[in-house]
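Residue numbers (the numbering used here): 167 to 369.
The structure appears right after this line, and notes come after that.
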């Protein structure tokens, strides 16, 4: 027996994160929830959030993340899980936790401009689209960002934003006249975070 060194050394360096909040089957969760999980000894974490048409992967350096764009809707159920990445090796996913958002929309009554800006990306609209769509994102501070579009095979098909952008809300439009129908992904990469969202071109 030759040893290939597959003794799990490569993956054992990252523990499986334990999810803390929102609790499993939690109800009345804010539409701007704070996610928290255990320290798995990773360089960074990938938080995956799905449900009700949302499909987001957020790269987080810390063991907590507050989602405060308008992605989640009241009274809906969402699933989330986290995995750690260390030395470019992806650890195993945590258990999947589900939670239900609050049906009361109190959170939406805060006056715009009061809360500190949080870097975030929003679902494109219209979606599905043909032939063009708008993608809006918010930056917490002046920074270098790229917003790119990829096809299902992971090929980059467009770069919508590339360079320094001020803090605040931004909007980019994507024109897909020459592209085939199907699912595309758009990815916002800032200096500290990355967000990937899905959109559908229907011709």
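Every residue gets a Cβ at the ideal spot worked out from N, C-alpha and C, and that includes glycine.
Checking 8 Å against the spacing of the C-beta atoms, do residue i and residue j come in under that value?
| i | j | result |
| --- | --- | --- |
| residue 340 | residue 301 | yes |
| residue 213 | residue 288 | no |
| residue 305 | residue 356 | yes |
| residue 179 | residue 252 | yes |
| residue 207 | residue 245 | no |
| residue 350 | residue 317 | yes |
| residue 345 | residue 367 | yes |
| residue 199 | residue 260 | no |
| residue 311 | residue 267 | no |
| residue 211 | residue 241 | no |
| residue 239 | residue 197 | yes |
Around the Cβ of residue i, are there at least 16 other Cβ atoms within 10 angstroms (buried) or fewer (exposed)?
| i | result |
| --- | --- |
| residue 322 | exposed |
| residue 172 | A caution first: residue 172 carries a pLDDT of 44, below 50, which makes its placement in the model unreliable, though a value can still be read off. By the 10 Å Cβ count, residue 172 comes out exposed. |
| residue 365 | buried |
| residue 257 | buried |
| residue 248 | buried |
| residue 330 | exposed |
Have a look at residue i and residue j and give me their C-alpha separation to the nearest angstrom.
| i | j | result |
| --- | --- | --- |
| residue 223 | residue 215 | 6 Å |
| residue 234 | residue 369 | 33 Å |
| residue 319 | residue 283 | 33 Å |
| residue 262 | residue 201 | 13 Å |
| residue 286 | residue 361 | 8 Å |
| residue 181 | residue 221 | 24 Å |
| residue 314 | residue 337 | 13 Å |
| residue 354 | residue 185 | 25 Å |
| residue 363 | residue 226 | 16 Å |
| residue 228 | residue 205 | 8 Å |
| residue 303 | residue 269 | 25 Å |
| residue 333 | residue 291 | 22 Å |
| residue 203 | residue 219 | 24 Å |
Rank the options by C-alpha distance to the C-alpha of residue i and give the top, closest one.
| i | options | result |
| --- | --- | --- |
| residue 295 | 347, 330, 263 and 335 | 347 |
| residue 358 | 185, 187, 204 and 209 | 209 |
| residue 335 | 308, 342 and 314 | 308 |
| residue 188 | 338, 230 and 221 | 230 |
| residue 191 | 338, 243 and 343 | 243 |
| residue 342 | 293, 332, 254 and 362 | 293 |
Can you pull the DSSP bridge partners for residue i?
| i | result |
| --- | --- |
| residue 321 | Residue 321 is not bridged to any residue. |
| residue 301 | 338 |
| residue 206 | Bridge partners of residue 206: none, in fact. |
| residue 192 | 265 |
Cβ of residue i less than 8 Å from any chain B Cβ?
| i | result |
| --- | --- |
| residue 263 | No chain B appears in this structure, which consists of one protein chain only. |
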